[in-house]
Each structure stands twice: as C-alpha cells, then as structure tokens.
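A.B. asks: Under UniProt numbering, the first residue of the sequence shown carries the number 1, and numbering increases by one thereafter. The C-beta atom is built at its ideal place from N, Cα and C for all residues, glycine as well. Here the structure is a predicted model, which is why all the values come from computation and not from measurement. Supplied in structure tokens, the structure appears directly below.
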Amino acid sequence: MTQSYPESLKAISIHAPHAYAICMGIKVAEYRSQPTDRRGWILIHASGSKDSDHFLADYGISKDTIKRGAIIGAAQITDCTWDAEFGCYAYHLESPILLQEPIEGIKGCQAIFWGAKLTQNQAAFAIAWAMIKATTKADDISPEAIEEDSIPGYRIEYEPQCSEKDLHAYQVSDSLTHEPLFRIYKKPDGWTNELTKQIHNSLKLVIAEAREKTIERIERSRPLEVQQIDDDTFIVRNPSNGNHYVVRPQHPNPKERCECGDTYFRGVKCKHQIAQEDYLQQSITATIAQSELNQYIKQQAQEIAPEPQIQFTSPDGFYNWEAAIDGKTIATIHYDSEHLTQRYVVAVSGAEIHRANTQARAENYILWHYKQGTLPVAQEEKSEPCTIEDCNFIDEKGQQYVFRINNQLIGYIWLADDGDDWYSSQEYWTNSDGTKYDDWRECGLALARVTRKDLYQTVAA
C-alpha cells in the first residue's frame, strides 16, 4: 500500500482533557520534561487515562463529548522553550484542528512522539492527514485573480514592482480612507506579512495577524505627545527618549506623511500617525471595516461547518467585542492590557468566565460552548434602561466606563477629579466634549443626544 502521509508525521499521546483543550484552541502549549527539535504538524491522540479528568471542568468540556484511545485532531509545533514556572519544556502549538469524527481504537506509546508501525495505525495516520490537508488548504490566489474587494474593509492591490518570481507583493489599505496599512506576500509555502513574518495558509489569517500587530502600534502611541503647528503639520514627541517626528497626514505621498522609518521605508501607518489621529478624535470610534471583515470570515466558515448564527461586533474597533444573536448580547470580549499573556477576557453579564491569548480563540470559546449548550445565559436588565460598565482602563481623562441605553452601546464616559489633593479634589463625570456633570446618567444622555438621537428619545420622553 502506498503511504499517503509524510514519513515524518508523528503522534503524541495526551490525557483526554488536555488533548481536547489543545484541539479546541484553549490550551496553547504541551509541557514535557524533554526538549524537542520537532516542528510542524503532529497528530493529537487522546489517551485512555482518566487521571486528569478533573481538568474537564476547568476547560468547560463535557465528559460525555470526549473519546479516549483515539486520534482526535492535530496541531503545529512552532517552538520549544524552557518554562521556569513549571520547571519543564513548553511545546508551543498553533493552528489547532479538532476532527469532526475521531479515529478510535488507536493505542498510544510511551515515547513522546510515535509513528505508525502497525497497519491499523498507518490507516489512521492516512485518514488524519487527509483531513488535515482538507482543512488547511491554502488560499491559492494568483495576482490576476485577487480582487480589491476580496475582503470587505480592506483594499488589496498587487504591486509588481515589489514582486519577484516566487514572491508576490500586495499593498493592503483601508477601504474607506485608502490609507496604506501594511504589505502581505504570497510565497510558495503560504501567505505572510511584513510585520510578523509568520507563514500561514490563509490570506484572511495573515491580514488579521497584521491587524493585531497594528493594534500594538496603537497601544505604543498612547504615551506620545502631539503638538499641532498648523492645519496639516503636527509634531509628535516621545517623552521617554525625547525623539520627535513631523507628521503631515494630508501629504499626497503616503511615505512622506511621517519622518520615521516605518513610514518612509516600509510604507505603513506608524504609531506617530496613529497618535496624531487620536489627538484629533479624542476618542476611539467604531471600525466599520473590521465588523464587515468579521462577518465575512464567519460566513466563509459556515460554508464548511455550520455553526450558531452568532455575530461578533466591535463598537470601539479594538478593545471590546460583543457576541450577539438576533441583536441580543450573549457574551462580551474585553482586551485586558495589564495581563501578561491571556489578555482577552470572555464575560457573561459582566462576570468573567474565560481568558484567551488571542481574539480568535476567545470567539471560538463562545461559539463552542454556545453550540454545546454550556455557555451561561446572560441575565436581562429590565429595571434600568441606562447602564454603565467599568472598562478597567484609566487614561488622562480618568476611569473609563461604557454607557449603554437598552443594552446598546452609546459610547464612553469618564469618572475624574479636579485636584491632586484628596482633601480638596471633587469627582465629576465627563464625556468626549469635556463638559463636567455630577450624575453619570446626565453625562451619558448628553453623549447620546449627539451620537444616538433615536435611543436618547426613548429615555428622554
């Protein structure tokens, strides 16, 4: 029989709770006493042991849904590092896959990685490898076939002057403003971007990863000081090192809009331009393009595996997401910048239920548990149409809160004080226009009067 899977393909046996957590994207590392040089795809085998079943509750996995003694999925090993906290080596895992039909009746081995020596195992490896290839088929888009509106929210243009024989370059810009964001490249082994250099099979994943890197630039732009010279000239200064750059946002050449290397040599929107935009806006606004992209990705995923019609929207564009069905919020995702690794917090009715290290894994957690019926039910608030929620974020205006009317986002308000001394300072509420209010409802309704007149009228009548 001709072998239909790579000779280097191996499997690793893991206790069932941890194995399923890996394939579901909840657990991103496997800890072992020995290091490994192995990189790439490995099959995940759920062993027959029940010693770790107490972890099922921690992962939110039902015991009735797991299979033991079976190959249940696969993942890619991308790195191996020493973990001082656990005193062992961490195998870093990405691109997890959970097979729809586990391959049962497979016995594991004592070795960390084991191959298919038995005929039965060889057949199982062949089936698993076929499923992996079907799931991870690369977006094979030629320069002639790709269209500018292939991903809503982004304008994608082929750049022949930056392309080579086996490297096709594309400039990705904002579809609304046509502002250049970053470049992506099509290589023989997949897609990559100029910000992270990681290779992926999916064009959508590369763009999402580059966007996440752009968000990091936004975070780094917050401490920067901006001084406006005239209508189209700004001085952006970094107080930590004294460096300053001239930003001209209306310059016709995108590479001349800032003096820094990121803009001039790489043609990307730098943190200095982002700081200048924040200076003018004074608040974070909703990103329509990102909402369209999220909706497009979910629609494409449903063509392969239909899932609950949950819509993820980001009212502020970067730090908060709402998961809703038919307009009703069932869960929220909040970005916690103070946490070292698990920065994406999943909450229901304001109560934290899970943390993840990426937005995609936080969304997958909500989708999985809603489909399994294990997602807590959000409590409806009937008594008070106007509500606020602490964002756990403090900026130069004060403590930030989300203001809602009838559970719909209106915007942000802040609780601040007007003095440095505790005995003389007085607290007040304010919104983006800087007006001071004694009551948070009055402050929020003043914001709604400008941004959402329809909702304002429902409570002002």
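DSSP on Ala74, reduced to helix/strand/coil?
C.D. replies: Residue numbering aside, residue 74 sits at position 74 when the sequence shown is read from its first letter. Looking at Ala74 - three-state DSSP - the assignment turns out to be strand.
A.B. asks: Which residues mark the beginning and the end of the beta strand (DSSP E) in which Tyr344 is found?
C.D. replies: Numbered from its first residue, the sequence shown carries residue 344 at position 344. Looking at the DSSP string, the run of the beta strand (DSSP E) that includes Tyr344 is 344 to 348.
A.B. asks: For Gly40, which of helix, strand or coil comes out of DSSP?
C.D. replies: Position 40 of the sequence shown, counted from the first residue, corresponds to residue 40. Gly40: strand per DSSP, three-state reduction.
A.B. asks: What number of angstroms, rounded off, separates the C-alpha of Gly87 from the C-alpha of Tyr365?
C.D. replies: Locating residue 87 in the sequence shown gives position 87, where the first residue counts as 1. Locating residue 365 in the sequence shown gives position 365, where the first residue counts as 1. Straight-line Cα distance between these residues: approximately 28 Å.
A.B. asks: Since Gly444 is in the alpha helix (DSSP H), which residue starts that stretch and which ends it?
C.D. replies: One-based indexing of the sequence shown puts residue 444 at position 444. 440 to 451 is the extent of the alpha helix (DSSP H) around Gly444.
A.B. asks: Per the DSSP calculation, Ala356 is bridged to which residue(s)?
C.D. replies: The residue you call residue 356 lines up with position 356 of the sequence shown. Beta-bridge pairing links Ala356 to Tyr344.
A.B. asks: Enumerate in chain order the residues of its own chain whose CB-to-CB distance from Leu56 is below 6 Å, with the five nearest sequence positions on each side excluded.
C.D. replies: Sequence index remark: in the sequence shown, residue 56 carries index 56 (1-based). So the list reads Pro17, Lys63, once near-sequence residues are dropped.
A.B. asks: Taking the beta strand (DSSP E) that Lys186 falls in, what are its first and last residues?
C.D. replies: On the sequence shown, residue 186 is found 186 positions in, with the first residue counted as 1. Residues 180 to 187.
A.B. asks: What do you reckon, are the CB atoms on Glu157 and Tyr170 nearer than 8 Å?
C.D. replies: By 1-based counting over the sequence shown, the position of residue 157 is 157. By 1-based counting over the sequence shown, the position of residue 170 is 170. Yes. Within cutoff.
A.B. asks: Per DSSP, what kind of secondary structure is Cys23 in: helix, strand or coil?
C.D. replies: Within the sequence shown, the letter at position 23 stands for residue 23. DSSP places Cys23 in helix when its eight states are reduced to three.
A.B. asks: By a C-beta neighbour count over all protein chains shown, 10 Å radius and 16 as the cutoff for buried, is Glu209 buried or exposed?
C.D. replies: Stepping through the sequence shown from its first residue, residue 209 is reached at position 209. By the 10 Å Cβ count, Glu209 comes out buried.
A.B. asks: Would Leu167 be called buried (16 or more neighbouring beta carbons within 10 Å of its own) or exposed?
C.D. replies: Along the sequence shown, read from residue 1 onward, the residue named residue 167 stands at position 167. Under this definition Leu167 is an exposed residue.
A.B. asks: For Ile97, collect the residues of the same chain with a Cβ closer than 8 Å to its Cβ; drop the 5 residues on either side in sequence, then sort them by chain order.
C.D. replies: If you number the sequence shown from 1, residue 97 lands on position 97. The residues are Cys23, Gly73, Ala74, Ala75, Met131, Ile132, Thr135, Thr136.
A.B. asks: Give the list of continuous alpha helix (DSSP H) stretches no shorter than 4 residues that lie fully inside the segment 216 to 276.
C.D. replies: Whole alpha helix (DSSP H) segments, 4+ residues: 261 to 266.
A.B. asks: Quick one, are the C-beta atoms of residue 464 and Leu445 less than 8 Å apart?
C.D. replies: Within the shown structure, residues of the chain are numbered from 1 to 461, placing residue 464 beyond reach of any answer.
A.B. asks: One question on the structure: do Ile42 and Phe113 come within less than 8 Å of each other, judged by their Cβ atoms?
C.D. replies: Position 42 of the sequence shown, counted from the start, is the residue given in the question as residue 42. Position 113 of the sequence shown, counted from the start, is the residue given in the question as residue 113. Yes. Within cutoff.
A.B. asks: How would you label Phe265, buried or exposed, when you count the other beta carbons within 10 angstroms and need 16 or more for buried?
C.D. replies: Taking the sequence shown and counting its residues from 1, the one referred to as residue 265 is at position 265. Phe265 comes out exposed.
A.B. asks: Name the two residues that bound the continuous beta strand (DSSP E) containing Asp58.
C.D. replies: Translated into the one-based positions of the sequence shown, residue 58 becomes position 58. It is not in any beta strand (DSSP E) - Asp58 instead sits in the alpha helix (DSSP H) that spans 55 to 59.
A.B. asks: Which residues bound the beta strand (DSSP E) around Asn121?
C.D. replies: Within the sequence shown, the letter at position 121 stands for residue 121. Run containing Asn121: none in the beta strand (DSSP E); it sits in the alpha helix (DSSP H), 119 to 135.
A.B. asks: Comparing C-alpha positions only, which one of Lys271, Pro254, Asp230 sits nearest to Tyr245?
C.D. replies: Locating residue 245 in the sequence shown gives position 245, counting from the first residue. For Tyr245, the nearest C-alpha among the options comes from Lys271.
A.B. asks: Following the continuous beta strand (DSSP E) through Gln400, name the residue where it begins and the one where it ends.
C.D. replies: If you number the sequence shown from 1, residue 400 lands on position 400. Taken as a continuous stretch (DSSP letters only), the beta strand (DSSP E) holding Gln400 covers 398 to 405.
A.B. asks: When you compare each of Val402, Glu212, Asp58, Phe312 to Arg355 by their alpha carbons, which one comes out closest?
C.D. replies: Locating residue 355 in the sequence shown gives position 355, where the first residue counts as 1. Of the candidates Val402, Glu212, Asp58, Phe312, the one whose C-alpha sits nearest the C-alpha of Arg355 is Asp58.
A.B. asks: DSSP state of His15, grouped into three classes?
C.D. replies: Along the sequence shown, one-based indexing puts residue 15 at 15. Coil at His15, not helix or strand.
A.B. asks: Alpha carbons only, please: which of Asn253, Asp189, Ile207 is nearest the one belonging to Arg183?
C.D. replies: In the sequence shown, counting from the first residue as 1, residue 183 sits at position 183. Nearest C-alpha to Arg183: Ile207.
A.B. asks: Going by CA-CA distance only, name the one from Ala360, Thr430, Tyr91, Pro254 that's closest to Asp37.
C.D. replies: Taking the first residue of the sequence shown as 1, we reach residue 37 at position 37. Of the candidates Ala360, Thr430, Tyr91, Pro254, the one whose C-alpha sits nearest the C-alpha of Asp37 is Tyr91.
A.B. asks: Assess contact between the segment 394 to 403 and the segment 338 to 356, defined as three or more Cβ pairs (one per stretch) separated by less than 8 Å. Is contact present?
C.D. replies: Short answer: they don't touch.
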